[in-house]
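As structure tokens, the structure follows; a few thoughts come after it.
Residue numbers (the numbering used here), protein chains in the order written: chain A, 67 to 730; chain B, 80 to 311.
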């Protein structure tokens, strides 16, 4: 301790530097280890693959090209797997129910994170049941297995075998379907790409419903090579599509790769990216390098300032080993303290950013890093002693020492400036990215997703009632919740461009006040949009047949009939459509070839906006056309008074309960 | 004990070449107390450094107990010096971060004394130098005379055969200086060979023999008796 107190300034700098490096490396390596461990805990992980579309096709049962951006697959593509590919030993399908509620006694809950599947799920994947028996599970219909957390939420206990819950779809005219709880599973590991809360039994016929989309997992025979199976599968489809149809190409992705390599819009969980791993690893390495260089510099400076003492020790009989042992003693105290502080910092950081993995479980990694740091920084502390030739002659080397002191200080100063500049650049980049996203003033905007059709149809009424409260300032709606990419990708027709089936573009739907809510300004044109088509009109127009749609519309009240399509382009779409200047797009005619021809008819481009970066900060911005179709707008956006959040939420809840008592 | 023949030391820089010692011949017997005197820059300290094996000569021979040590490398010289030769400096050269006790313990630690023997010897030395009551103090808390006594305690703790003193009273007042010289005299009387560089005629009177250097060469050698008769 005497060493520390005497040289406390040096020691404090060293300890803080190593502590930050330790925290960074410990956190980064824990994170990376966790990210690389996804789904490896399944005993059959090596042979389990998920089937996805790689390039879109267009075959008979599809009204348009496949949406390649989904992880789930049209069930039609799956049926041939059962008898034409013997290398596929087992198939597990998972289908997500849409807009269902759960009723337990008199309490209604939204059904979230639930999937239909069959008995094969429990033999393919390794999940632990804490109640019930895997044997015989899901051999019958109307069985349900729920997570421990759900059991506690719905029933207040995990002892729930035999209890019943009622599943009711939005359009179910009866009272719903009763399911019996047959099992409770422990929380899925944090390194599982899927973390369902509710699994509902279904049979193969239902799961292969031609209108359904299923997450499709295949267990391949150990001798089957996935590349070869992919080739066979794609060949099979190519040979079996009708003339003028386009067969899609399929891709098999190993279960362990899904988390890092798959970024479809309907993934079963929030996936990571290789890029993030590289960024975090690089950051940790840079911090470690800076700490190493600083530690070396400070030790060199310290050695220079201690040179006279070292010479006295040599004169009194010390050799290099004696001096090295003394240095190791000093550095081991510093490194130990740094590791303790670094570990505390890691825990604080982990708690602060709320990553869902437990650093305290990383015992082996921790011990490895402790040893690594002791050896690494112990060796660095010895480097100046080993590289500097210390003479026992007291009259030599004083000048050299002071020169090195200045050089070391200059190096440290330069490094600090570099680190500071890097931090500022990073901060500016993050600010820039954040400012790109709509709704940077996020604390005042509430996003409510996956509204049922009943709620969408009463959007105007909901808006009218809710806006009576002064705490609720504005309400808009959109098809895609922030952080997602548009569902629809279809061909289009553009004034002055050749019509081409292969030329597609994404479309998003919004409410006319969307841009006002996010305070988005137009690059060109006018964003003071007129209200779009009504829900009544849109309900009548849903028909793949234009004739019947027109007939339905004509039967409507005349007040619902008159509207004109307005289209807004993002900057990428403006470029894709060939406009060098956004202003040139304004007033041009555009038509979107949607399934239902009455939808997105020919209309005028009224504005061009900057790319919204609506999805995430990693994806490249896509060309996107925006139209106004409220029937698709299942995400409501509510701008509230941020100084009165709780009152606003309470009022919102009250309005909702009045209008939709059966919808939680 | 010590025999040097035609010993020279030349310091070279890019621009100048300085001859610090020029063909010095000298013999020192065991138990002798020799003083080296001369004006500043005459080579006294250089000679002392070579005798203490802190530095090596450019040419000539240096026999220490009949071992030729002038060609030894620094590591070998350090090994040779360990336990045999120790120093007392004008500026004491105590380690500020270590207590009095730890400073005195230093050479014994490097000689791998066991704990009990080491402690006994340190306390013995401190008592002998009448500084035992200050063993837990740090050098900055002591007077100059006390610091020099600690330095002497440290120097003689491993019982060296040769004690080299570089102006040991240079930083002390007259009375304290006299005390230090009496101590060195006592040590010499007990058998320790002492070579002392000094500017002080009074301190030189404690020596058996006085060697005068001028421009790197030995000019006069006086016995104690001869030296006492010289009138300044």
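Glycine included, each C-beta is placed from N, C-alpha and C at the ideal position.
With respect to residue 664 of chain A, residue 615 of chain A sits close: the two C-beta atoms are nearer than 8 Å. With respect to the 8 Å criterion, residue 161 of chain B and residue 130 of chain B are not classified as neighbours on the basis of their beta carbons.
Just measuring C-alpha positions, the residue of A:362, A:523, A:403 and A:589 sitting nearest residue 448 of chain A is A:362. Residue nearest to residue 687 of chain A within the set A:316, A:720, A:636 and A:702 is A:636 (criterion: CA-CA distance). Residue 161 of chain B reaches chain A at 383, counting residues in chain order whose Cβ is nearer than 7 Å. With a cutoff of 8 Å on beta-carbon distance, residue 204 of chain B and residue 232 of chain B are scored as near each other. Contact between residue 529 of chain A and residue 541 of chain A holds, since their C-beta atoms are separated by about 5 Å, short of 8 Å. Taking 7 Å as the cut-off between beta carbons, the residues of the stretch 179 to 193 of chain B near chain A are 185, 186, 189 and 190, in sequence order.
The C-beta of residue 174 of chain B comes closer than 8 Å to at least one C-beta of chain A.
Its chain contains 267 as the residues whose beta carbon lies nearer than 8 Å to that of residue 206 of chain A, once the 5 sequence neighbours on both sides are disregarded; these appear in chain order.
DSSP places residue 347 of chain A in the uninterrupted alpha helix (DSSP H) bounded by 340 to 371. Taking a Cβ-Cβ threshold of 7 Å, the residues of chain B close to residue 380 of chain A are 157, in chain order.
At a cut-off of 8 Å between beta-carbon atoms, residue 375 of chain A makes contact with chain B. For residue 142 of chain B, the uninterrupted beta strand (DSSP E) segment begins and ends at 138 to 143. Per DSSP, residue 183 of chain A is one residue of the beta strand (DSSP E) stretching across 180 to 183. With respect to chain A, the C-beta atom of residue 143 of chain B has no partner C-beta closer than 8 Å. The criterion of a C-beta distance shorter than 8 Å is not satisfied by residue 651 of chain A and residue 638 of chain A. With a beta-carbon spacing of about 24 Å, residue 293 of chain B and residue 260 of chain B fall beyond the 8 Å limit used to define contacts. For residue 588 of chain A, DSSP records a beta bridge to A:675.
With distances taken between CA atoms, residue 119 of chain A lies nearest to A:329 out of A:260, A:329, A:526 and A:353. Listed along chain B, the residues sitting closer than 7 Å to residue 388 of chain A by beta-carbon distance are 189. No Cβ-Cβ contact shorter than 8 Å links residue 226 of chain A with residue 211 of chain A. Within the same chain, Cβ atoms closer than 8 Å to the Cβ of residue 604 of chain A are found at 665, 695, 696 and 697, the five residues on either side in sequence being excluded.
Under the DSSP definition of a beta bridge, residue 118 of chain A partners with A:317. Contact between residue 259 of chain A and residue 334 of chain A holds, since their C-beta atoms are separated by about 6 Å, short of 8 Å. Under the three-state reduction of DSSP output, residue 89 of chain A falls in the helix class. When secondary structure is reduced to three states using DSSP, residue 83 of chain A falls in the helix class. Chain-order list of chain A residues neighbouring residue 166 of chain B: 381, by C-beta distance under 8 Å. Contact annotation for residue 233 of chain B against chain A: 382 [CB-CB distance below 8 Å, chain order].
Between residue 677 of chain A and residue 76 of chain A, the alpha-carbon positions lie close to 50 Å from each other. Taking all protein chains shown into account, residue 247 of chain B has 16 or more neighbouring C-beta atoms within 10 Å of its C-beta and is therefore buried. For residue 233 of chain A, the enclosing beta strand (DSSP E) begins and ends at 230 to 235.
In the pairwise beta carbon analysis, the stretch 169 to 180 of chain B is classified as touching the stretch 214 to 234 of chain B: at least three pairs are separated by under 8 Å.
Inter-residue distance for residue 156 of chain B and residue 82 of chain A is about 41 Å (C-alpha atoms, whole angstroms). Under the three-state reduction of DSSP, residue 294 of chain B is assigned to coil, being neither helix nor strand. DSSP places residue 279 of chain A within a strand segment (E or B) once states are collapsed to three.
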